[in-house]
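Here the structure comes first, spelled out in structure tokens, and everything after it is commentary.
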Amino acid sequence: GKARKEDVVRHALRIFRAKFEYVVKMIDLIDQLFEATFTTLSATGRPLSRCGQCMKYMNLIDKKPVRLHCRHCDCTYQMPANGSIKLYQELKCPLDNFELVLFSQKQGKTFPLCPMCYNS
Numbered sequence: 001g002k003a004r005k006e007d008v009v010r011h012a013l014r015i016f017r018a019k020f021e022y023v024v025k026m027i028d029l030i031d032q033l034f035e036a037t038f039t040t041l042s043a044t045g046r047p048l049s050r051c052g053q054c055m056k057y058m059n060l061i062d063k064k065p066v067r068l069h070c071r072h073c074d075c076t077y078q079m080p081a082n083g084s085i086k087l088y089q090e091l092k093c094p095l096d097n098f099e100l101v102l103f104s105q106k107q108g109k110t111f112p113l114c115p116m117c118y119n120s
């Protein structure tokens, strides 16, 4: 406690400003390091069913939370957890034209669902 409050605050702000300026200057390098470790949502998963908006394939991302992602529309649709998801006979939902998927629970119960309707 011998330093004045104003001096401590000024010193701390100078340190934080220097750190901020360093990060801003090095942001490209930081981005490169993150890109090497992490992938974008559109680059993950495997093609499964067609989007009802653009008719392109959506990718199933089976890491939690399980979801379908359309990289063309940049839309993501949550799917039920604790089961498996596969294409359901290439049938389409009459309401929104999305291809139906078949969700199978680990206990054996199976049911078809529309990604858009499930999220609405």
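Numbering follows this note's numbering, in which position 96 of the sequence shown is assigned residue number 96; successive positions increment by one, without gaps. We put the beta carbon where it would ideally sit given N, CA and C, even for glycine. Remember, it's a predicted structure, so these values are computed and weren't measured experimentally.
Check                                                                                                                          : Outcome
Contacts around K86, its chain only, beta-carbon distance under 6 Å, and the 5 residues preceding and following it disregarded : L102
Contact belief for H72 with C54 at Cβ below 8 Å, rounded distance in angstroms                                                 : 5 Å
Any 3 or more C-beta pairs closer than 8 Å across the region 25-34 and the region 47-63                                        : no
Chain C contact for C54 (CB, 9 Å cutoff)                                                                                       : This model lacks chain C altogether, as it is built from one protein chain only.
Alpha carbon of V8 to alpha carbon of A18, nearest angstrom                                                                    : 16 Å
Three-state secondary structure assigned by DSSP to P65                                                                        : coil
Whole runs of the beta strand (DSSP E) within the region 26-87, excluding any shorter than 3 residues                          : 46-50, 57-61, 67-70 and 75-78
Counterpart residues of K92 in DSSP-defined beta bridges                                                                       : E99
Supposed close pair V66, A81 - CB separation, criterion 8 Å                                                                    : 6 Å
Unbroken alpha helix (DSSP H) run spanning C117, endpoints                                                                     : P115 to N119
Euclidean distance between Cα positions of Y57 and K63                                                                         : 18 Å
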